[in-house]
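Input: a single structure, listed below in structure tokens.
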Amino acid sequence: MFARSLRYLTAVLLLLISFVIAAQPLPETDFLKSEIARLNAESPKNDTLIGQYETLLNQITGFDAQKASRDDYRKIISQFPLQRERLLKQIEEADKLDMFKAKQLNSYSDLSQSIASLQAAMSEWRTTSQANAEKTKQLNAARTSLPVSLAQLNQQIDQASLVKSENGAEIDQWLETANLTYLKLQKEVMTAELQSLDERTELVRLEQQLLAKKLQLASPMLIELQDKLTRVEQESVRGLIAEARELSAKADESDVEKQRLIEQLRQYTLELEQVLVEIDQARIAGQKFESERRSLSEEQRLIKENLSWLRDSTAFGASIRAQLQRLPNQIQNKTIPDEIANAHIRKYEISQLLDDFALEDAVRATQSNTKAPDRLETLSHELIEQLSQDYEKLIIALGKLQLTINQYAIEVENARAFLREQQLWTRSNVPFWQHLTDFDKEIWFGTKTPLKTLQDEVNPDQLKMVGGAFIFYTMVLFYLGRRLIRRTTRLRHEYKKVFGHPLKDRFQNSISLLFMAMCRAVILPLWYAITAAALFWLWPAPNATESKMLIVASASALFVIELIYAMSSKKGLLELHLNWPERICDYVHKQSNRLRFPFALFLLLIFFAELVAGDQEAEISRLFFLMLMVGMTMVYGALLKSDRIPSTLPVPLNRGLGLLLLKVMILGSFIAIIIMALMGLYIAAWLLLIYQQLTLFVVLGVLFTYQLGERWLKLEHRQLNYQRLLARREELIAQQQEQADEPPEIAELRENFPEVEEQGLGSEQISEQSMTLLRGLSLIGLVIAVLTLWSSALEMTSWLDKVVVWQVSEVVSGSSTLVDVTLQSLIYALITLLVTFVGVRNLPGILELLILRRLELSPGTGYAVTTLLRYLILMTGVLSAFAILGFQWSRLQWLVAAFGVGLGFGLQEIFANFISGLILLFERPIRIGDIVTINDLSGTVSKIQTRATTIIDWDNKEIVVPNKTFITEKLINWSLTDSITRIVIPIGVAYGSDVEKVEELLYQVAEEHPLVLNDPSPSVFFLAFGASSLDFELRVHINSIDHRLSTIHIINKNIDKLFKENDIEIAFPQMDVHVRDWPQDGEKS
1 MFARSLRYLT
11 AVLLLLISFV
21 IAAQPLPETD
31 FLKSEIARLN
41 AESPKNDTLI
51 GQYETLLNQI
61 TGFDAQKASR
71 DDYRKIISQF
81 PLQRERLLKQ
91 IEEADKLDMF
101 KAKQLNSYSD
111 LSQSIASLQA
121 AMSEWRTTSQ
131 ANAEKTKQLN
141 AARTSLPVSL
151 AQLNQQIDQA
161 SLVKSENGAE
171 IDQWLETANL
181 TYLKLQKEVM
191 TAELQSLDER
201 TELVRLEQQL
211 LAKKLQLASP
221 MLIELQDKLT
231 RVEQESVRGL
241 IAEARELSAK
251 ADESDVEKQR
261 LIEQLRQYTL
271 ELEQVLVEID
281 QARIAGQKFE
291 SERRSLSEEQ
301 RLIKENLSWL
311 RDSTAFGASI
321 RAQLQRLPNQ
331 IQNKTIPDEI
341 ANAHIRKYEI
351 SQLLDDFALE
361 DAVRATQSNT
371 KAPDRLETLS
381 HELIEQLSQD
391 YEKLIIALGK
401 LQLTINQYAI
411 EVENARAFLR
421 EQQLWTRSNV
431 PFWQHLTDFD
441 KEIWFGTKTP
451 LKTLQDEVNP
461 DQLKMVGGAF
471 IFYTMVLFYL
481 GRRLIRRTTR
491 LRHEYKKVFG
501 HPLKDRFQNS
511 ISLLFMAMCR
521 AVILPLWYAI
531 TAAALFWLWP
541 APNATESKML
551 IVASASALFV
561 IELIYAMSSK
571 KGLLELHLNW
581 PERICDYVHK
591 QSNRLRFPFA
601 LFLLLIFFAE
611 LVAGDQEAEI
621 SRLFFLMLMV
631 GMTMVYGALL
641 KSDRIPSTLP
651 VPLNRGLGLL
661 LLKVMILGSF
671 IAIIIMALMG
681 LYIAAWLLLI
691 YQQLTLFVVL
701 GVLFTYQLGE
711 RWLKLEHRQL
721 NYQRLLARRE
731 ELIAQQQEQA
741 DEPPEIAELR
751 ENFPEVEEQG
761 LGSEQISEQS
771 MTLLRGLSLI
781 GLVIAVLTLW
791 SSALEMTSWL
801 DKVVVWQVSE
811 VVSGSSTLVD
821 VTLQSLIYAL
831 ITLLVTFVGV
841 RNLPGILELL
851 ILRRLELSPG
861 TGYAVTTLLR
871 YLILMTGVLS
881 AFAILGFQWS
891 RLQWLVAAFG
901 VGLGFGLQEI
911 FANFISGLIL
921 LFERPIRIGD
931 IVTINDLSGT
941 VSKIQTRATT
951 IIDWDNKEIV
961 VPNKTFITEK
971 LINWSLTDSI
981 TRIVIPIGVA
991 YGSDVEKVEE
1001 LLYQVAEEHP
1011 LVLNDPSPSV
1021 FFLAFGASSL
1031 DFELRVHINS
1041 IDHRLSTIHI
1051 INKNIDKLFK
1061 ENDIEIAFPQ
1071 MDVHVRDWPQ
1081 DGEKS
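Mapping the sequence shown onto UniProt numbering, position 797 (from 1) lands on 797, and the numbers just tick up by one.
What follows is the structure, given as structure tokens:
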């Protein structure tokens, strides 16, 4: 028995020991700190072990925070009844708070202090209410997230329990135990959080109810206290006014000075009363706008909080529609800045009067015998001081009113954008098939007795008036339409006769036809708009804004159909001027003529159905809408056949995959609109139809504009070619005439310089660049227009503006702030760079085509202008793109300076030539076609570019000379300002010749030569007695350097001929040799 008990005790002890060993109690924090300090003192350090101890210390330290959180949640559960009772009591006794007992206050200081305290409390309550609303969202989200997180935490605990090691190092066992303990504490915290969720939600709800009641009590009380404060402020002022009027009534009318003072008092009292009224009006208006702003903000907050389930309700669609109608279209605050400015000006004038009064008082104080001012003067002084104070109050009140109106306007725009975005995807009607089996007049027409309702609402007199007006304006518009048709037909025949003529065919003809087509296209939409407005006047609908939008949209659609009908006439704008195929124009003209009047009547029927329905949703309107969609789908399907409209589109869209995608997008969008209308997204379907049609109109408008621009450029290109051919013809005729007038011997000896034309673009290159620029700008304009259109509908720009790519710091008012660079900014910067590079690349062609050819420019000027403009556009575009991306010049200038220094050393010669090229373009010391001599090189300038200039020498070789050479070296330009050049011919005659005869003969040679100019006249000079000759020099001038060699040749021939005839010997070098010590015969030399 004893042995059995001993064995039992031994087993229990072993079990306890194993449990204690397995438990591995965690060490104290002091022990861990000492161990970390000891390990840090060792050398070398064991970083891994130190990290493990630090991790263990952090986990153990965090246990207290976990336990505190768990206890807090448990405390909420245990104290919930008391907290709930306390909040209910506070809600019940909210009106007994001390701040709500200020109604008996009467003094100005008490009222001011009470108003300030109440405003501060209301601001704090609103902040707390917003925080509680956010807390409510988090609590609602926690109902679904906490159970999931708790399940995941249980899995982590199970995994941590399974992987626990008993044989590892002590620190590893401590870490495993600490991790498991942390997970269990976290589970306790999460469990307590989940268990207290209902209690916390209820407490937050009660706090919100308490705050709402406080705000409900405080708002009218604040208005009452402000009114009371205003009355207190005005009591003293009213007293001054009453006293001023009493003195005015008692004043002696015979005293002129007193009558003047009394008149001033009257003016001051009237002005003071007006200022008091304006202060009251500003305060009341501010309170009104602030109340509306808060109400609107609260409505939007409630909608956003319940948006998930509101979208499935058809009543929400009607609610959005009603809210959009209630929002003001425009908030007027334009007069407030003027009122503030006028108040400031008047306050300044009053301050000048107060200064004058102060000066008079100072002068009166220095004079002992001066009479003291009477009551009229002192009262006038008091009124002016009161006016100064009240104008200050008026300025403050108007400033607060302007701030409140601006805040309200921002709130209205945000609400409108949000509601429109929600309206697009909110179900406004039930599915259409639910009403097909039940023909209820109220459902289908919006009223049970539609005809009787119309009869009751119409006024017989108004009906007669509208009927008479209908007949009158219909006849007037019909007459105008017939006149415009005749006028257009006459213009088409006139322009057809001159079409294709290089001089008579003008782009103005196309614009005239377009203008006449637009005038014709206005007639039917105008008739529709007037008729619809008359119907609206007879049966006014509560939704005036929507009715106006429907009239504008329908009239716009009619205008497009009428414009297409007018432009597609035979030999009209589309066929003749824009080169559309005749069969397509004929088809479009016939189909648009067939649709225009039925379409107008059908739109009137839709509008009339909307008027009958009023503010109710009538299914007849949706039925008409569906019929309209089916008809438009059929029309667009017929137009999109490959042999019709697509044949006029650009290459990617007129065949193959591009055409298929175009059909799918257009026809698919119609099918989507029909499905949306059937499913109940009626308003969304209307909006999508409007934006779809606007998109198609924008695409067609850009395509039409591109084709007009193409015709304009072709006409300009044709005129440019014609102009160049005429100029070339005149140049050839001039050359032939000049050669015919020259003597044969001069013509034979004429020096043929290389022909250098003006540095410009060829005809094909001009056409290519101009068309490329037109296509690029059209594509960019189309993208920007479509993005702008759809961003207003789907808030795409807002989405792009929310994607932050990076942030940059900017200095604003001396302080550095971070500014977001968004995806929208990046797209704008890329578009800017794209437009810049397309413009720079194709600028020369469009400039030459549209501008430069119309100017009388000297050679090289066009190239200089084009080059400078290209660099200017490139610099502007790049800097603009960098500015959009947030790179300020103040930050880039140091980088640019450093980059410039580096380039200056590394690319010094290239930059020197570049700057020299700019100097040549500005100062123009040389031009295209000039004959120059630079160092030992002579030739004709053929090209001037930014880095180098090309010269064609006399051997017809192209020599590239760096621009720096023309700036730093000696340059001779033979034709810069005057083409006249001088020829110097040296002549030497033998000693003994007749000097007078030589001079006479040289003058004769010069005068007989046809190319030698008489002004400046030729000159002959006897220069020197040479070693073997008498040295003469003949100097003559000629018109052009082209004749330089031929002139020298003929003059030299004539000199030789005349000198021989007159026995004048042309000297040649002679040498006399004197021999000394000639060797004797027999001697060796």
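The beta carbon of each residue, even a glycine, is placed where N, CA and C say it ideally should be.
Residue environment for V1075: exposed (fewer than 16 other C-beta atoms within 10 angstroms of its C-beta). Taking a C-beta distance under 8 Å as the contact criterion, L463 and W527 do not qualify as a contact pair. By the neighbour-count definition (other C-beta atoms within 10 Å, threshold 16), R70 is a buried residue.
Under the 10 Å beta carbon count, A600 is surrounded by 16 or more other beta carbons and is classified as buried.
In the three-state DSSP reduction, I91 falls in the helix class (H, G or I). Its Cα nearest to that of L937, the residue I952 stands out among I952, A948, G929 and I926. Y565 counts as buried, since at least 16 other C-beta atoms from the protein chains shown sit within 10 angstroms of its C-beta. The region 606-624 makes contact with the region 535-548; the number of CB pairs closer than 8 Å reaches 3 or more. The continuous beta strand (DSSP E) containing L1030 extends over residues L1030 to I1038.
In chain order, F432, I674, A677 and L678 place their CB closer than 8 Å to the CB of L626, counting only its own chain and leaving out the 5 sequence neighbours on each side.
Listed in chain order, the non-local C-beta contacts of Y408 below 7 Å within the same chain comprise F289, E292, R293 and I331, local neighbours out to five positions each way being set aside.
Taking the C-beta atoms as reference points, I931 is found nearer than 8 Å to W974. DSSP, read as helix, strand or coil, puts F100 in helix. Here the C-alpha atom of I620 lies approximately 11 Å from the C-alpha atom of D440. Of all alpha-carbon atoms in Q155, A116 and E188, the one lying nearest the alpha-carbon of A65 is that of E188. A check of alpha carbon separations from P1069 across S43, G1026 and R729 identifies G1026 as the nearest. For N1052, the closest alpha carbon among the candidates I985, M190 and P925 is that of I985. Note: E958 is bridge-paired with I952 in the DSSP secondary-structure output. Annotation: the continuous beta strand (DSSP E) that includes V984 extends over T981 to V989.
Across the structure, D355 and Q386 are spaced so that their CA atoms are roughly 15 Å apart.
Residue ranges of uninterrupted alpha helix (DSSP H) with 4 or more members, entirely inside the region 576-640 and ordered along the chain, are 582-613 and 619-639. Assigned with DSSP and collapsed to three states, A544 falls in helix. With distances taken between CA atoms, N179 lies nearest to S161 out of I671, A192, G656 and S161. When DSSP states are grouped into helix, strand and coil, G51 belongs to the helix group. Per DSSP, K943 is one residue of the beta strand (DSSP E) stretching across L937 to I944. The C-beta distance from Q769 to N842 rounds to 4 Å, short enough to meet the 8 Å contact threshold. As a beta-bridge residue in DSSP terms, A1024 pairs with D1031. Taking L32 as the centre and dropping the five residues before and after it, the same chain places the C-beta of Y53, L56, L57 and I60 closer than 8 Å to its C-beta, in chain order.
About 4 Å separates the CB atoms of Q616 and G446; that is less than 8 Å, so the two are in contact.
The count of Cβ pairs closer than 8 Å, one atom from the region 1028-1038 and one from the region 976-994, reaches three, so the stretches are in contact. By the C-beta criterion, the region 394-401 is judged to be in contact with the region 280-288, since at least 3 inter-stretch pairs fall below 8 Å. Each residue's CA atom was taken as its position, placing I1064 and K1057 some 10 Å apart. The three-state reading of DSSP puts L175 in helix, counting H, G and I together. In this structure, DSSP gives S975 a state outside helix and strand, which the three-state scheme calls coil. Non-local C-beta neighbours of L480 in its own chain, meaning closer than 8 Å and more than five positions away in sequence, comprise I523, ordered along the chain. Contact between the region 573-584 and the region 697-712 is present: three or more C-beta pairs spanning the two stretches fall below 8 Å.
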